[in-house]
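Enquirer: Following this message is one structure expressed as structure tokens.
Numbering (our numbering), first residue to last: 2 to 387.
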């Protein structure tokens, strides 16, 4: 995934002066994402997936685009997925056990492959959810997951279920432990299919655009819970998401409610927030099999905005304030595995009672910089899946 972007309106907070200073507009080329790995079978009914990532190479951290940087003389690879999948009942998709390092099955965008998103950048609602569950942007954790597909005899209705147990260890000891207090993360998701399901085989891979080959609605409810650790007394998430494909039309979205409990001087408190997105695209078939796809997406985050609520959010490492963006895009597909994307992202946010210089959410913070106001950007991107 190769990007060329032009950003404007970024402002960097100057602590000494107590003001935001304008950063010059800039053109930037970056290798936004790359994935390389191995997939296969040890033997029948036992699959494996080992994937590495190399992301954000060449990114200028003062561009308006999301995430950090990965520059220097030798940009870093990292482990992305490493798991085995065991089909417990041969020839049936109803019971599968997955174990290893992977994304907890919650929400829609977090579990959709970045190369299969219809917008040039994924909905950053996934980042708020991932950091709430696992503490990291990639959103991976070691764990086990039991899941499967249950399809009716007519094929017009079906279900998918996932229930997983994970041990995110981001809270203490340099990110290597949950601390003296310990509790596992429990995540569950149930999908109802009306019409065609998303896939005939159970998999952790998901996509949005089926290029007219699917007619159906997938509607999911999901939730997560983690008990007392050194960082919080409890950590909850609950949400709904959907995917609707009908001929040329693609619609997907999610709404997730996040809350985290803590204690200060033996007095308990809760920090509440919500995040989500709504996305719409349409496949226009051209000559020679090419497809032109306009796409529109709205993304939002809403957290605590009063002083007490935002102070409590800092204590339990939660986001606060407001963050929203509107994405207007146009994709040109040579085929489903090769596309050009044109995108414009417009942002709006509010820091809440903490005011200027408070890095309360992703709009107001950039790793490697500190407190900022993230700019708008226009981009041209290429995605190639080999």
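For each residue, glycine too, the CB sits at the ideal point set by N, CA and C.
Just so it is clear, the structure is predicted and the values come from calculations on it, not from any experiment.
(1) In chain order, what are the residue ranges of uninterrupted beta strand (DSSP E) at least 3 long that sit wholly in the stretch 13–98?
(2) Any idea what DSSP makes of residue 315, helix, strand or coil?
(3) Give me the DSSP bridge partner(s) of residue 247.
(4) Measure the CB-CB distance between residue 150 and residue 92 and report whether it falls below 9 Å.
(5) For the stretch 245–260 against the stretch 276–283, do three or more pairs of beta-carbon atoms, one drawn from each stretch, fall closer than 8 Å, so that the two count as touching?
(6) Counting along the chain, where does the beta strand (DSSP E) carrying residue 273 start and finish?
(7) My parser needs the beta strand (DSSP E) runs of 3 or more residues fully inside the stretch 97–140; what are they?
(8) Count the other CB atoms, across all protein chains shown, that sit within 10 Å of the CB of residue 86; report buried if there are 16 or more and exposed otherwise.
(9) Please identify the residue among 122, 109, 118 and 314 whose C-alpha is closest to the C-alpha of residue 131.
(10) Expressed to the nearest angstrom, what Euclidean distance is found between the alpha-carbon atoms of residue 58 and residue 31?
(11) In three-state DSSP terms, what is residue 294?
(12) Report the three-state DSSP secondary structure of residue 381 (helix, strand or coil).
(13) My understanding is that residue 168 touches residue 142, with C-beta atoms under 8 Å, so please give their C-beta distance in whole angstroms.
(14) Quick one: what's got a C-beta closer than 6 Å to residue 207's C-beta in the same chain, skipping five residues either side?
(15) Do the CB positions of residue 146 and residue 105 come within less than 9 Å of each other?
(16) In its own chain, which residues sit with a C-beta less than 6 Å from the C-beta of residue 120, not counting the 5 before and 5 after it?
(17) Measuring only the C-alpha atoms, how far is residue 382 from residue 4?
(18) Considering Cα atoms alone, identify which of 236, 246 and 224 is closest to residue 194.
(19) Does the beta carbon of residue 157 come closer than 9 Å to any beta carbon on chain B?
Expert: The short version:
(1) 20–23, 27–32, 36–44, 47–54 and 79–88
(2) helix
(3) 216 and 250
(4) no
(5) yes
(6) 268–283
(7) 97–103
(8) buried
(9) 109
(10) 6 Å
(11) strand
(12) strand
(13) 7 Å
(14) 112 and 113
(15) yes
(16) 296, 298, 328 and 330
(17) 4 Å
(18) 246
(19) The structure shown contains no chain B; it is built from a single protein chain.
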